[in-house]
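S.K.:
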Amino acid sequence: MGKGALSGESVPTVDFDRDVDREGTASLKYDGRREVFGTDEVIPLWVADMDFAAPAAVTQALAQRAMHPVYGYTVYPDSLYDSLMGWLKHRHDWEVRREWIMMCPGVVPSLYAAVTAFSAAGGSVVVQPPVYFPFFSAVTDSGRRLVHNPLRLREGRYTVDFDHLEQCAADASLLLLCSPHNPVGRVWSEPELERVLRIAQAHDLVVFSDEVHADLVYPGNRHRVLARLALQADGTCRNIVTAVAPSKAFNIPGLNLSALVVPDPACRDALARVFDAMHVSASNPFSIVAFEAAYREGGPWLDALMEYLRHSREEVAGYLAAHVPEIRLVEPEGTYLLWLDCRALAVRLGMNDSQLRHFFVREAGVGMSPGTLFGEVGSGFMRLNLGTPRRTLRTALERIRDAVHGAGPALP
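Going by the numbering used here, the sequence shown opens with residue 1, and the numbers climb by one from there.
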C-alpha cells in the first residue's frame with residue numbers, strides 16, 4: 001500500500017465484521033437491487049462501495065460541520081490542499097505543488113472532461129479493456145472513437161499488449177489508463193509504467209491516469225504514481241493527468257469530491273476551459289471536510305482495512321479452489337474488487353453471459369457485476385465486491401457453491 005501509518009501511529013482495532021444496515025438509506029447498492037437485478041433477494045456484491053463504516057475521523061468531521069446551521073456556498077480551504085499534498089508525499093513519495101491541483105466533482109466527470117479537452121470530435125482515444133465502463137462512455141458520449149488495446153490474460157495474470165498499444169497510439173491523442181486496474185486488480189509495475197510513458201512520449205499522447213484505487217494495494221505490491229515516474233529536472237511533467245480521491249479507500253464515494261493533479265500548465269488550462277464551460281462545482285461543505293479528515297487522519301484505519309481485505313481475499317481464493325474450482329479467481333494485487341473467471345462453468349452449463357448473470361442472481365441469490373459490462377473481453381467473467389463483512393462473504397460463497405453443485409441444464 002505504499003508506506004504505512006505515520007511515525008508513532010498504531011493500527012487501530014476496527015470492527016469490520018460489524019453489520020451496518022444500509023437498507024432504507026437510499027443506497028444504490030441495496031435499495032437499487034430490484035431495479036438492477038429484478039429482485040431484492042440477492043446479496044449485493046456489485047457496485048464499488050464497501051459495507052464498512054467510514055473512519056471515525058470522517059464521521060466526526062461531518063457531524064461537527066453539520067452542527068453549524070448554515071450550509072452555504074463553499075470555497076476550498078488551504079487545509080484541504082495541505083491534506084492531499086501531505087498524503088501523497090507520505091504514502092507515495094510524491095511532492096505535489098499547490099498549483100497543480102484541480103478539485104473536481106468525481107472521477108467520472110473528470111474522465112469526460114479529459115476526453116473533451118484532449119481529443120477532437122471524431123478523434124481516437126485508447127482504452128484497455130476489460131476496464132471500468134465509464135472509460136467507454138466518456139469516449140462515445142463525447143463523439144470520439146474508441147480504440148481498444150485489450151489486456152492479455154496469461155497464466156492467470158493480465159498484462160499490457162505493448163506492441164499493440166504502440167500501434168494504437170500512432171493514431172490517438174489520449175490514453176485512459178486505470179492504475180491500479182479495475183476490474184482485473186493489477187498494480188502496474190514500474191517497468192510497465194515506464195514503457196507506457198515511452199510510448200506516450202513518442203506519440204505526444206496525453207495520459208489520463210485514474211489512480212483512485214492507489215491506496216488499496218496488498219502486501220508484496222507497490223503503487224507507482226505515473227506522473228512521478230515522468231518527472232523532469234524542473235519537477236514537472238508533460239501530458240500526464242492524475243485522478244485521485246479518498247472515495248474508494250475511505251468508503252465515501254457518495255460525497256463526490258476528487259482531485260486532478262496536473263503538473264503541465266497547458267493541460268491544466270485545457271481542463272479548466274472544459275470545467276468552466278460546464279459550470280459544475282464540486283464545492284460542498286460536507287465533501288470538503290470528509291476529504292480533508294480522511295487524508296489527514298485516516299491512515300491507521302486504512303491500514304486496518306487492508307489487513308482485513310487481505311484475509312478476505314485469501315479466504316475467497318481458498319474457498320473457490322476447494323469447493324468451486326470451475327470459478328477461478330484472478331488474484332488481485334490491489335482494489336477490493338475480485339475478477340472471477342467463470343468461463344469453465346459457463347461452458348459446462350451451456351450458458352451465454354446473460355444466462356450466467358441470471359444464474360448467479362436467481363439460483364445463487366448473489367448480485368455481481370457481469371464481465372461484459374467492462375468490455376467484450378469480459379465475456380465469461382463476473383466482478384465481485386470484497387468490501388463487506390466476512391460473514392456476508394461466506395454466505396455468498398456458500399450460495400454460489402450450492403447453486404453450482406445443483407446446476408442443471410442451461411436456463412432459457
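All C-beta atoms, glycine included, are put in the ideal place defined by N, C-alpha and C.
Measure from the alpha carbon of Asp-171 to the alpha carbon of each residue in Ala-200, Arg-34 and Pro-183, then state which is nearest.
M.R.: Of Ala-200, Arg-34 and Pro-183, the residue nearest in Cα terms is Ala-200.
S.K.: For Ala-294, which residues in the same chain have their Cβ closer than 7 Å to its Cβ, ignoring the five residues on either side in sequence?
M.R.: Here the set comprises Pro-55, Val-58, Pro-246, Phe-250 and Ile-252.
S.K.: Exposed or buried, what is Ala-416 when buried is set at 16 or more other beta-carbons lying within 10 Å of its beta-carbon?
M.R.: Residue 416 is absent from the structure shown; the chain starts at 1 and stops at 412.
S.K.: Please report the straight-line C-alpha distance between Gln-355 and Phe-37, rounded to a whole angstrom.
M.R.: Their backbone Cα atoms lie some 13 Å apart in a straight line.
S.K.: Is the beta carbon of Thr-116 sitting closer than 8 Å to the one on Val-280?
M.R.: For Thr-116 and Val-280, no; Cβs fall outside 8 Å.
S.K.: Can you list, in chain order, the residues of its chain whose CB lies under 7 Å from that of Ala-346, leaving out five sequence neighbours each side?
M.R.: The residues are Leu-356 and Gly-380.
S.K.: Kindly list the residues whose CB is nearer than 7 Å to the CB of Leu-80, restricted to its own chain and excluding five residues on each side of it in sequence; keep chain order.
M.R.: Excluding sequence neighbours, Leu-80 sits near Ile-288, Phe-291 and Glu-292.
S.K.: Rank Arg-391, Gly-365 and Arg-343 by C-alpha distance to the C-alpha of Gly-371 and give the top, closest one.
M.R.: The shortest Cα separation from Gly-371 among Arg-391, Gly-365 and Arg-343 belongs to Arg-343.
S.K.: Does Ser-137 come out as helix, strand or coil in the three-state DSSP assignment?
M.R.: Correct three-state label for Ser-137: helix.
S.K.: When we look at the beta-carbon of Gly-143 and count the other beta-carbons within 10 Å, is it buried (16 or more) or exposed?
M.R.: Exposed, by the Cβ-count rule.
S.K.: Smallest Cα separation from Leu-320: which of Asn-182, Val-377 and Leu-393?
M.R.: Here the closest residue by C-alpha is Leu-393.
S.K.: With a 10 Å radius around its C-beta and 16 neighbouring C-beta atoms as the bar for buried, classify Ala-48 as buried or exposed.
M.R.: That one is buried.
S.K.: Measuring CA to CA, which of Asn-352, Arg-222, Gln-128 and Ala-138 is closest to Val-147?
M.R.: Of Asn-352, Arg-222, Gln-128 and Ala-138, the residue nearest in Cα terms is Gln-128.
S.K.: Around the Cβ of His-405, are there at least 16 other Cβ atoms within 10 angstroms (buried) or fewer (exposed)?
M.R.: With fewer than 16 other Cβ atoms within 10 Å, it is exposed.
S.K.: What does the alpha-carbon distance come out to for the pair Phe-52 and Leu-28?
M.R.: So the alpha carbons of these two residues sit roughly 15 Å apart.
S.K.: Inspect the CB distances between the segment 155-162 and the segment 320-336 and report whether three or more fall short of 8 Å.
M.R.: In short, these stretches touch, since the Cβ pair count reaches three.
S.K.: Determine the contact status of Phe-135 and Leu-176, defining contact as a CB-CB distance below 8 Å.
M.R.: Yes, the pair counts as a contact, with Cβ atoms nearer than the cut-off.
S.K.: Leaving out the 5 sequence neighbours to the left and right, which residues in its chain are closer than 6 Å to His-181 when beta-carbon positions are compared?
M.R.: Same-chain partners within the cutoff: there are none.
S.K.: Quick check on the burial criterion: 16 or more other C-beta atoms within 10 angstroms. Buried or exposed for Ala-113?
M.R.: Ala-113 is buried by the Cβ-count criterion.
S.K.: DSSP beta-bridge partners for Asp-210?
M.R.: Bridge partners of Asp-210: Cys-178 and Ala-243.
S.K.: Residue range of the beta strand (DSSP E) that Ser-258 falls in?
M.R.: First-last of the beta strand (DSSP E) with Ser-258: 258-261.
S.K.: Is Ser-124 helix, strand or coil when you go by DSSP?
M.R.: In this structure, Ser-124 counts as strand in the three-state DSSP scheme.
S.K.: Please confirm whether Leu-320 has its beta-carbon closer than 8 Å to some beta-carbon of chain C.
M.R.: The structure shown contains no chain C, having only a single protein chain.
S.K.: For Val-366, which residues does DSSP report across the bridge?
M.R.: Answer is Ile-43.
S.K.: Let's test the definition: count the other Cβ atoms within 10 Å of the Cβ of Met-278 and tell me whether it reaches 16, buried, or not, exposed.
M.R.: Met-278 should be labelled exposed.
S.K.: Going by beta carbon distance, what residues of the same chain come within less than 6 Å of Cys-168, once the five residues before and after it are set aside?
M.R.: Within the same chain, Cys-168 has close Cβ partners Val-126, Val-147 and Asn-149.
S.K.: Which of helix, strand or coil does DSSP assign to Trp-188?
M.R.: Coil at Trp-188, not helix or strand.
S.K.: Quick one: using the 10 Å Cβ neighbour count with 16 as the cut-off for buried, is Gly-350 buried or exposed?
M.R.: Exposed, by the Cβ-count rule.
S.K.: Can you give the beta carbon distance from Val-261 to Ile-101, rounded, assuming they're within the 8 Å contact cut?
M.R.: About 6 Å separates the two Cβ atoms, so the contact holds.
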